[in-house]
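Using my numbering, read the first sequence as starting at 6 and increasing by one per residue.
See structure below.
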Amino acid sequence: MSNLNANTPAPEPVVPSDFIRDLVAAHVAEGKYPKIHTRFPPEPNGYLHLGHAKSICLNFGIAREFGGACNLRLDDTNPTQEEAEYVEAIRTDVNWLIAGWADDQLGLKPKGKTPETVIAKGSPDFYLPAVTGTPSPAVEPFYASDYFDQIYAYAQQLIEKGRAFICDLSAADMEGYRGAPDRPGTESPFRHRTVAENLDLFARMKAGEFPDGARTLRAKIDMASPNLWLRDPILYRIKHAAHHHTGTRWCLYPMYDFAHCLSDYIEGITHSICTLEFEVHRPLYDWILESLALPRALPRQYEFAKLIPSHTIVSKRKLIQLVNDKVVTGWDDPRLPTLSGIRRRGVTAQALRAFAYHIGVTKYISLTDVSVYEHAIRDDLNQRALRRLAVLRPIRVVLTNYPAGQTEELEAVNHPADESAGKRNLPFSRELYIEREDFAEVPPPKFFRLKPGGEVRLKYAYIIRCDEVIKDAAGNVTELRCTADLESKSGGATAGRKIKGTIHWVSAAHAIDAEVRLYDRLFTEAEPELDGRDYKTVLNPHSLEVITAKCEPSLAGAAPEERYQFERLAFFTLDKDSAPGKPVFNRTITLKDTWAKQAGKP
RNA sequence: UGCCCGAUGGUGUAACGGUAGCACAGCAGACUCUGAAUCUGUUUGUCAUGGUUCAAAUCCAUGUCGGGCAACCA
């Protein structure tokens with residue numbers, strides 16, 4: 006195990022290998038492109054989640070491993086779906102996830118810059134190169150909507166080539182003309198308009214002469230194609246709607262298929278990596294690009310299977326529902342698989358990257374068990390978290406042979422495997438708190454914590470024996486009266502005694518209170534929506550429990566960027582709801598608990 | 001019932017015609033002033049049937065199963 010704390014990040018895993026990277030490596034080997042250029046193109050219609058993390062790690066990872074760049078692009082061609090709020094959230098999440106790892110590969114553009122126009126082979130060509138490695142307020146992400154002028158010009162070219170036409174069919178009519186997967190469609194009655202008429206109509210569509218849905222621009226391909234996406238697909242539709250980035254300048258917006266390949270081309274993307282559902286779109290992607298006789302190298306699309314994590318939901322629509330229905334407190338609720346939620350929960354970007362590395366990239370649609378995710382988190386946190394003592398569910402212990410009023414400072418290490426993490430002192434006194442679970446009046450087999458007449462070691466302190474159990478009228482244990490072996494402190498005469506159990510504790514007089522939020526999986530089932538089941542029926546009622554814990558005093562100075570392990574319990578991080586003197590800790594993930602598993606067995 | 005894609009232990013992946021490996025999970029043990037970590041050992045797998053070949057997870061054929069595709073969404 007390597008030694009590190011929050012300030013000395015763990016080494017990144019070795020470079021992964023998968024079918025896409027193999028392809029890119031081959032392209033590099035044959036010198037197919039001067040530079041590898043990928044892109045991460047989210048639509049700003051929601052928050053980024055675990056699934057996006059996989060894509061980000063893939064795209065930026067490739068850029069990183071092959072000396073290329075990866076553009077951040079907002080794929081914003083549908084004004085009715087997208088909002089500026091999401092743009093900011095996306096930028097934050099991407100920056101967080103790649104920080105210290107692929108910052109130098111992040112492709113942005115000078116603020117406000119749109120593609121440069123060049124005349125190549127007698128027709129306009131557009132290019133918008135990325136700037137990398139210069140984070141500053143003067144740069145911003147790419148926006149597909151910044152290319153509306155260029156995409157419009159490309160559409161005109163397509164019309165001029167006789168490869169696109171204006172269609173007056175309504176959405177309902179078009180459905181009838183489309184045919185079916187096993188039955189060819191029929192050509193639109195407007196398919197044979199003249200170039201001049203198409204150009205004129207297209208210009209008038211742009212000018213706002215027609216209402217929504219009145220006309221569309223369609224590619225002229227093949228209504229009999231077995232690939233539905235090649236049956237004269239719509240390239241442009243009329244939408245009199247304000248756009249988050251272009252305002253009211255347009256009432257005509259390009260469809261994804263038309264805008265995406267051209268955006269890739271304009272930015273000089275070489276490898277356009279997307280998820281499997283776009284596989285059937287690839288012929289259209291290529292058709293558009295090839296129909297335009299473009300002078301520069303064309304981008305190519307590659308598809309991989311998206312991440313499907315178990316015990317959660319990653320569909321944007323469902324995520325919105327969870328937020329709106331107040332099942333969770335917001336987009337950054339630590340139980341959500343959103344990057345903002347994950348971050349607030351205390352998971353580090355590096356853990357997420359390690360996870361992405363471990364799950365691999367294939368074309369096989371699979372369900373990834375959360376345990377892989379959880380392992381990546383534990384592995385990361387175990388290396389960086391500072392150890393602390395805190396008691397979640399306290400029970401009072403009085404050491405009858407320890408002088409009242411006496412306090413001593415005991416030395417404790419901050420990390421058992423990293424000396425450089427330093428040490429701290431723990432105040433010790435006659436009255437303590439220990440974990441309720443660490444005492445059993447009637448101990449189950451193999452219980453080696455505290456029991457009547459039994460001994461246990463207090464971490465960094467003394468070995469104590471339980472002499473007496475005090476109960477209230479209802480029979481609840483309220484206090485344990487114990488005696489300490491005063492020679493058994495670290496370095497003491499009897500410190501070497503073999504005691505099976507070691508438990509954590511805090512001094513009652515010195516402990517500070519902290520709100521602790523115990524998070525757990527949001528769903529009890531691996532596939533919440535299996536067979537159309539309503540996810541509401543499998544919500545985990547214990548996904549959040551809020552308690553007040555007794556913490557060692559040093560935790561009063563907890564830092565938000567730090568990670569802590571409350572020994573023998575779990576990993577925690579300070580929540581943004583903390584106030585001076587009122588710390589709030591989020592439980593990121595519990596430690597593995599072999600005892601709980603064993604104790605739970607019949 | 002058209003087209004496209006896929007199938008390797010419980011789960012996720014590697015092997016690119018030449019010993020089926022790794023990780024997670026599980027189980028057993030060692031160690032332990034964290035029942036954590038660490039270390040050791042270990043159970044379980046090439047969808048099926050043919051074919052090509054000295055040799056097939058890998059190439060071919062057929063089948064089976066799973067997924068995707070008929071928004072003026074992305």
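We put the CB at the ideal spot given by N, CA and C, even for glycine.
Checklist entry - Under the three-state reduction of DSSP, which class applies to residue 309: helix, strand or coil? => result Looking at residue 309 - three-state DSSP - the assignment turns out to be strand.
Checklist entry - How would you label residue 13, buried or exposed, when you count the other beta carbons within 10 angstroms and need 16 or more for buried? => result Low per-residue confidence applies at residue 13: pLDDT is 42, beneath 50, and the placement is therefore not dependable enough to give any value.
Item to check | Residue range of the beta strand (DSSP E) that includes residue 594 | outcome: Counting along the chain, the beta strand (DSSP E) containing residue 594 begins and ends at 589-595.
Checklist entry - Which two residues bound the contiguous beta strand (DSSP E) that contains residue 62? => result Not the beta strand (DSSP E): residue 62 falls in the alpha helix (DSSP H), residues 55-70.
Next on the checklist: Please tell me whether residue 373 and residue 382 are closer than 9 Å, where the distance is taken between their beta carbons.
Outcome noted: No; because the gap between Cβ atoms is not below 9 Å, this pair is not in contact.
Item to check | Where residue 281 falls, given that 16 or more other Cβ within 10 Å makes a residue buried | outcome: So residue 281 counts as exposed.
Item to check | Assigned exposure category for residue 579 - 16 Cβ within 10 Å defines buried | outcome: Buried, by the Cβ-count rule.
Checklist entry - Thinking C-beta only, is residue 593 closer than 9 Å to residue 540? => result Residue 593 is positioned such that its CB atom lies no closer than 9 Å to that of residue 540.
Checklist entry - Where residue 591 and residue 558 are concerned, what is the direct C-alpha to C-alpha distance, given to the nearest angstrom? => result About 18 Å.
Item to check | residue 168 versus residue 225: straight-line alpha-carbon distance, rounded | outcome: Between residue 168 and residue 225, the C-alpha separation is close to 5 Å.
Next on the checklist: Along the chain, where does the alpha helix (DSSP H) containing residue 76 start, and where does it finish?
Outcome noted: Not the alpha helix (DSSP H): residue 76 falls in the beta strand (DSSP E), residues 74-79.
Checklist entry - Would you report the Cα separation of residue 504 and residue 412, rounded to the nearest angstrom? => result Here the alpha carbon of residue 504 sits roughly 24 Å from the alpha carbon of residue 412.
Next on the checklist: List, from N- to C-terminal side, the alpha helix (DSSP H) runs of 4 residues or more that fit wholly inside the region 438-515.
Outcome noted: DSSP runs (the alpha helix (DSSP H)) wholly in the region 438-515: none.
Checklist entry - If we call anything under 9 Å between Cβ atoms a contact, is residue 186 one with residue 257? => result With respect to the 9 Å criterion, residue 186 and residue 257 are not classified as neighbours on the basis of their beta carbons.
Checklist entry - Cβ atoms of residue 509 and residue 463: under 9 Å apart, would you say? => result In contact: residue 463 and residue 509 (Cβ atoms closer than 9 Å).
Item to check | Host beta strand (DSSP E) of residue 528 (start-end) | outcome: For residue 528, no beta strand (DSSP E) segment is defined, and its DSSP state is neither H nor E.
Checklist entry - Short check: CB of residue 86 to CB of residue 50, under 9 Å? => result Contact: yes.
Next on the checklist: Buried or exposed for residue 554, going by 16 or more other Cβ atoms inside 10 Å?
Outcome noted: When all chains shown are included, residue 554 counts as buried.
Checklist entry - Is the CB-CB distance between residue 89 and residue 345 below 9 Å? => result No, these two residues do not count as a Cβ contact at 9 Å.
Item to check | residue 268, enclosing alpha helix (DSSP H) - first and last residue | outcome: Taken as a continuous stretch (DSSP letters only), the alpha helix (DSSP H) holding residue 268 covers 261-272.
Checklist entry - Among 191, 450, 271 and 47, which one has its Cα closest to the Cα of residue 151? => result The shortest Cα separation from residue 151 among 191, 450, 271 and 47 belongs to 271.
Checklist entry - Any contact of the region 410-427 with the region 384-398, i.e. 3+ C-beta pairs under 8 Å? => result Proximity of the region 410-427 to the region 384-398 meets the contact definition, three or more beta-carbon pairs being nearer than 8 Å.
Item to check | Candidates 306, 300, 275 and 357: closest to residue 285 by CA position | outcome: Selection 306, 300, 275 and 357 evaluated against residue 285 yields 306 as nearest (Cα-Cα).
Next on the checklist: Please report the distance separating the alpha-carbon of residue 517 from that of residue 571.
Outcome noted: Whole-angstrom Cα-Cα distance: 14 Å.
Next on the checklist: Within a Cβ cutoff of 6 Å, which residues of the same chain sit near residue 441, ignoring the five residues on either side of it in sequence?
Outcome noted: Here residue 441 has 398 and 400 as same chain residues with Cβ atoms under 6 Å from its own Cβ, once five neighbours each way along the sequence are excluded.
Item to check | For residue 428: DSSP bridge partner residues | outcome: BP columns for residue 428 point to 418.
Checklist entry - Is residue 206 helix, strand or coil when you go by DSSP? => result Three-state DSSP puts residue 206 in a helix.
Checklist entry - Does the region 326-337 come close enough to the region 298-305 that 3 or more CB-CB pairs lie under 8 Å? => result Short answer: they don't touch.
Next on the checklist: Alpha carbons only, please: which of 476, 99, 497 and 91 is nearest the one belonging to residue 58?
Outcome noted: Taking each of 476, 99, 497 and 91 in turn and checking the Cα distance to residue 58, the smallest one comes out for 99.
Next on the checklist: Checking 9 Å against the spacing of the C-beta atoms, do residue 426 and residue 264 come in under that value?
Outcome noted: Against a cut-off of 9 Å, the Cβ pair of residue 264 and residue 426 comes out as no contact.
Checklist entry - Counting along the chain, where does the beta strand (DSSP E) carrying residue 115 start and finish? => result That run of the beta strand (DSSP E) goes 111-115.
Next on the checklist: Let's see if you can read the secondary structure: which residues bound the alpha helix (DSSP H) around residue 160?
Outcome noted: 153-165 is the extent of the alpha helix (DSSP H) around residue 160.
Checklist entry - Among residues of its own chain, excluding the 5 on either side of residue 182, which ones have a beta-carbon nearer than 7 Å to its beta-carbon? => result Once the five neighbours on either side are set aside, the close Cβ partners of residue 182 are 174, 190, 191 and 193.
Checklist entry - Who are the Cβ neighbours of residue 71 in its own chain at under 7 Å, not counting the five residues just before and after it? => result If you ignore the 5 residues before and after residue 71, its C-beta comes within less than 7 Å of the C-beta of 29, 33 and 41, all in its own chain and listed in chain order.
Next on the checklist: Just to confirm, is the Cβ distance from residue 84 to residue 255 under 9 Å?
Outcome noted: Yes, these two residues count as a Cβ contact at 9 Å.
Checklist entry - What residue ranges within the region 348-406 form continuous beta strand (DSSP E) runs of no fewer than 3 residues, ordered along the chain? => result Listed in chain order, they are 391-393 and 399-404.
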